Amino acid sequence: MYPQIVDLSVGNINSIVRMLRYLGYEPMVRASPTELDDSGPIILPGVGSFDYAVSILDDRGWREKIVTEVTAGRPILGICLGMQLLLNSSDEGVLQGLGLIDGSVVKFDHSKIGKNKIPHMGWSWISSTSDLFPKPRAKYYHVHKYHAQLVNPSDELARSHHGYAFTSAIQRNNVTGVQFHPEKSHKFGLYFLDKYLSGFQ
Amino acid sequence: MFRVIPQLLLSGGELYKTTKFKNPKYIGDPINAIRIFNEKEVDEIIVTDISATKERLPPNFALIEDLAAECFMPMTYGGGIRSMKDVDLLFSCGIEKICIQSALANDYSLLRDISTKYGNQSLVVSLDFFKPLFGKLKIYNSAVHGKLKGSYKDLQFISNLEIEGVGEFLITSVDHEGCRNGMDIDLISAVAKKSSVPIIAAGGIGSFEDIRAASVAGASAVSVGTYFVFYGSRKAVLINYLNQEQIRKVEFLDGL
Chain A
490 MYPQIVDLSV
500 GNINSIVRML
510 RYLGYEPMVR
520 ASPTELDDSG
530 PIILPGVGSF
540 DYAVSILDDR
550 GWREKIVTEV
560 TAGRPILGIC
570 LGMQLLLNSS
580 DEGVLQGLGL
590 IDGSVVKFDH
600 SKIGKNKIPH
610 MGWSWISSTS
620 DLFPKPRAKY
630 YHVHKYHAQL
640 VNPSDELARS
650 HHGYAFTSAI
660 QRNNVTGVQF
670 HPEKSHKFGL
680 YFLDKYLSGF
690 Q
Chain B
3 MFRVIPQLLL
13 SGGELYKTTK
23 FKNPKYIGDP
33 INAIRIFNEK
43 EVDEIIVTDI
53 SATKERLPPN
63 FALIEDLAAE
73 CFMPMTYGGG
83 IRSMKDVDLL
93 FSCGIEKICI
103 QSALANDYSL
113 LRDISTKYGN
123 QSLVVSLDFF
133 KPLFGKLKIY
143 NSAVHGKLKG
153 SYKDLQFISN
163 LEIEGVGEFL
173 ITSVDHEGCR
183 NGMDIDLISA
193 VAKKSSVPII
203 AAGGIGSFED
213 IRAASVAGAS
223 AVSVGTYFVF
233 YGSRKAVLIN
243 YLNQEQIRKV
253 EFLDGL
């Protein structure tokens, strides 16, 4: 089982590769959809601007490949911007996301964040009933200016807090996404990635 | 959540501590220090090379790569960054954020290039402040050993820098640095009020109360140097972090 990491050239994938190797996996970095093989789940990391990432998804033919594979049942894990790309759209841009889970990406509500600053940069404890995350509680490192807003509350996998509670992880069948960075969240990140991937051995 | 970030000062590949930016004192091997902080599961790490800028050296990329490989939390690096090439190399070494200071003495174009390519969240601007014997609080720039544009009373440059895409400001009070006597709370308040992005406050932490005071003043994080370095009875150096009780207290700092 080799996790397939989609390299959109947005953000640094080194940290995620390093953490996966530390866990004993051998991730395959794929710059083009033709390189993708079916030996493991798709991991979609990303940092930066929504529209820029979408244009790369389209220009390199990733959109069609990902939607086809995922619709046929291939698991996918989106991280940070990668999670946002799984949704329909974002306040940050005008282009369409992959639409694999219904929802949009919205700006933090300034009237509710109190003296917290944007971007949300730092650790936040999450609340979740999923066993993908360690018990009794887990915290993760977040870096983002926008957060998910789901159409179906049942697609919410975890919530975090920054002035107010917001959806920070999503899941519907074989589609999973986390707003936070497991690869920057030491033992909590290691636990999550290991739990997620060990399901596919 | 409020962040407590150990800051390591490198000089010639070794770890040092300074007092008011002077009298560097050798501490030990940086890789060991990073390993210890990784084991203690610190929030984040800042590594600053204090010799690179002064001696016009490039960053020590090989060492930085080794340091980054030791930790699974965000690492920020600063010191000797002069060009986009330096920045590209640093990110490929595994650094999460880069910290710019002396490059600002000339112009802000490097900031714009970095934030466009890597995103605002990857860019920290470091500003050091000091109080001369006479006169108003001034900004100190290590490359030119003198004033940057602007002074503490007029913080317009903070907004100007934000426009270039700065993600966070690292604000250091030189007068308090290394002394463990408390931070410059007025400075932190003034900058936190002016800035719409998170502020990391540095310089002078000597107790948990100092950390709390920085949070109340509006900082989103503190960068800690000397307070985490303990000189044992036989002049042995011990690297420390917050104890469990202090870590629990940090969680309550939000919403103050």
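Protein sequences, first through last, are from chains A and B.
Following this note's numbering, the numbering of the first sequence begins with 490 at its first residue and continues without gaps.
Following this note's numbering, the numbering of the second sequence begins with 3 at its first residue and continues without gaps.
The beta carbon of each residue, even a glycine, is placed where N, CA and C say it ideally should be.
No experiment lies behind these values; they were computed from the predicted model shown.
CB contact check: residue i to chain A, cutoff 8 Å
| i | result |
| --- | --- |
| arginine 214 (chain B) | no |
| glycine 126 (chain B) | It is worth fixing the name first, because residue 126 (chain B) is valine in this sequence and not glycine. Not closer than 8 Å to any Cβ of chain A, the Cβ of valine 126 (chain B) fails to qualify, so no. |
| glycine 152 (chain B) | Because the pLDDT of glycine 152 (chain B) is 49, which lies under 50, any placement of that residue in the model is unreliable, and the number read from its coordinates should be weighed accordingly. It does not: the Cβ of glycine 152 (chain B) has no partner Cβ on chain A nearer than 8 Å. |
| alanine 192 (chain B) | no |
| arginine 5 (chain B) | yes |
| aspartate 51 (chain B) | no |
| methionine 185 (chain B) | no |
| proline 76 (chain B) | yes |
| glycine 121 (chain B) | yes |
| valine 199 (chain B) | yes |
| serine 225 (chain B) | no |
| aspartate 45 (chain B) | yes |
| alanine 71 (chain B) | yes |
| phenylalanine 93 (chain B) | yes |
| glycine 1 (chain B) | Any answer about residue 1 (chain B) is impossible in this case: the structure gives chain B only from 3 up to 258. |
| serine 117 (chain B) | no |
| glutamate 164 (chain B) | no |
Exposed unless 16 or more other CB atoms sit within 10 angstroms - verdict on residue i
| i | result |
| --- | --- |
| serine 498 (chain A) | exposed |
| serine 2 (chain B) | The structure shown does not extend to residue 2 (chain B), since chain B is modelled only from 3 to 258, so the question has no answer here. |
| glycine 148 (chain B) | The pLDDT assigned to glycine 148 (chain B) is 49, lower than 50, so where the model puts this residue is not dependable; a value taken from the coordinates is nonetheless given after this. It counts as exposed. |
| lysine 628 (chain A) | buried |
| valine 49 (chain B) | buried |
| asparagine 503 (chain A) | buried |
| histidine 599 (chain A) | exposed |
| proline 625 (chain A) | exposed |
| isoleucine 165 (chain B) | exposed |
| serine 197 (chain B) | buried |
| valine 506 (chain A) | buried |
| valine 654 (chain A) | The sequence given here places alanine at residue 654 (chain A); valine does not occur at that position. The residue in question, alanine 654 (chain A), is exposed, as its Cβ has fewer than 16 Cβ neighbours within 10 Å. |
| aspartate 188 (chain B) | exposed |
| asparagine 245 (chain B) | exposed |
| aspartate 547 (chain A) | exposed |
| valine 146 (chain B) | Only weak support exists for where valine 146 (chain B) lies, its pLDDT of 48 falling under 50; the coordinates are left without a value. |
| arginine 250 (chain B) | exposed |
| glutamine 573 (chain A) | buried |
| lysine 195 (chain B) | exposed |
| serine 51 (chain B) | The sequence shown places aspartate at residue 51 (chain B), rather than the serine named in the question. Classification of aspartate 51 (chain B): buried, given that the 10 Å Cβ count is 16 or more. |
| arginine 58 (chain B) | exposed |
| glutamate 211 (chain B) | exposed |
| serine 579 (chain A) | buried |
Reference residue i, options the options, closest by Cα
| i | options | result |
| --- | --- | --- |
| glutamine 668 (chain A) | A:Gly582, A:Ala647, A:Thr523 and A:Gly529 | A:Ala647 |
| glutamate 67 (chain B) | B:Lys56, B:Tyr79 and B:Glu57 | B:Tyr79 |
| threonine 557 (chain A) | A:Gly582, A:Pro522, A:Met517 and A:Met610 | A:Pro522 |
| serine 617 (chain A) | A:His675, A:Gly603 and A:Ala658 | A:Ala658 |
| leucine 69 (chain B) | B:Asn40, B:Ala194 and B:Thr174 | B:Asn40 |
| proline 32 (chain B) | B:Pro60, B:Phe23, B:Cys73 and B:Val6 | B:Cys73 |
| serine 643 (chain A) | A:His650, A:Gly652, A:Thr656 and A:Ser649 | A:Thr656 |
| proline 61 (chain B) | B:Tyr28, B:Met185, B:Lys87 and B:Tyr120 | B:Lys87 |
| glutamate 253 (chain B) | A:Gly567, A:Val640 and A:Ser613 | A:Ser613 |
| leucine 11 (chain B) | B:Leu92, B:Leu255, B:Val226 and B:Gln246 | B:Val226 |
| glutamate 16 (chain B) | B:Ile7, B:Lys22 and B:Ala35 | B:Ala35 |
| phenylalanine 232 (chain B) | B:Phe23, B:Phe131 and B:Lys27 | B:Lys27 |
| aspartate 109 (chain B) | B:Ser222, B:Lys99 and B:Arg84 | B:Arg84 |
| threonine 118 (chain B) | A:Gly500, A:Leu686 and A:Gln573 | A:Gly500 |
| tyrosine 635 (chain A) | A:His651, A:Ser528, A:Pro623 and A:Ala520 | A:His651 |
| leucine 691 (chain A) | A:Ile590, A:Val640 and A:His670 | The structure shown does not extend to residue 691 (chain A), since chain A is modelled only from 490 through 690, so no value can be given for it. |
| glycine 611 (chain A) | B:Glu98, B:Arg182 and B:Asn242 | B:Glu98 |
| glycine 688 (chain A) | A:Gly529, A:Tyr630, A:Ala542 and A:Tyr511 | A:Gly529 |
Beta-carbon separation (whole angstroms), residue i vs residue j, contact threshold 8 Å
| i | j | result |
| --- | --- | --- |
| lysine 606 (chain A) | methionine 75 (chain B) | That pair is no contact at about 20 Å. |
| glycine 571 (chain A) | asparagine 577 (chain A) | Not confirmed; about 15 Å, so no contact. |
| glutamine 638 (chain A) | valine 595 (chain A) | 5 Å |
| leucine 509 (chain A) | proline 492 (chain A) | 6 Å |
| leucine 621 (chain A) | phenylalanine 681 (chain A) | 6 Å |
| phenylalanine 63 (chain B) | cysteine 95 (chain B) | 6 Å |
| leucine 92 (chain B) | glycine 167 (chain B) | The Cβ separation is near 17 Å, so there is no contact. |
| histidine 178 (chain B) | glycine 220 (chain B) | Their Cβ separation, rounded to whole angstroms, is 17 Å, which puts histidine 178 (chain B) and glycine 220 (chain B) out of contact at 8 Å. |
| aspartate 496 (chain A) | alanine 520 (chain A) | 5 Å |
| lysine 19 (chain B) | threonine 228 (chain B) | 5 Å |
Residue i at chain B interface by Cβ criterion, 8 Å
| i | result |
| --- | --- |
| lysine 673 (chain A) | yes |
| glycine 678 (chain A) | yes |
| asparagine 503 (chain A) | yes |
| valine 632 (chain A) | yes |
| methionine 517 (chain A) | no |
| glycine 535 (chain A) | no |
Heavy atom of the ligand NAD within 7 Å of residue i beta-carbon
| i | result |
| --- | --- |
| arginine 648 (chain A) | Absence of the ligand NAD is noted for the structure shown, with no ligands found whatsoever. |
Quiz item: Can you list, in chain order, the stretches of the alpha helix (DSSP H) that have 4 or more residues and sit fully within the segment 151-224 of chain B?
Solution: 158-165, 187-196 and 210-219
Quiz item: What residue ranges within the segment 554-640 of chain A form continuous beta strand (DSSP E) runs of no fewer than 3 residues, ordered along the chain?
Solution: 565-568, 592-596, 609-615, 627-633 and 635-639
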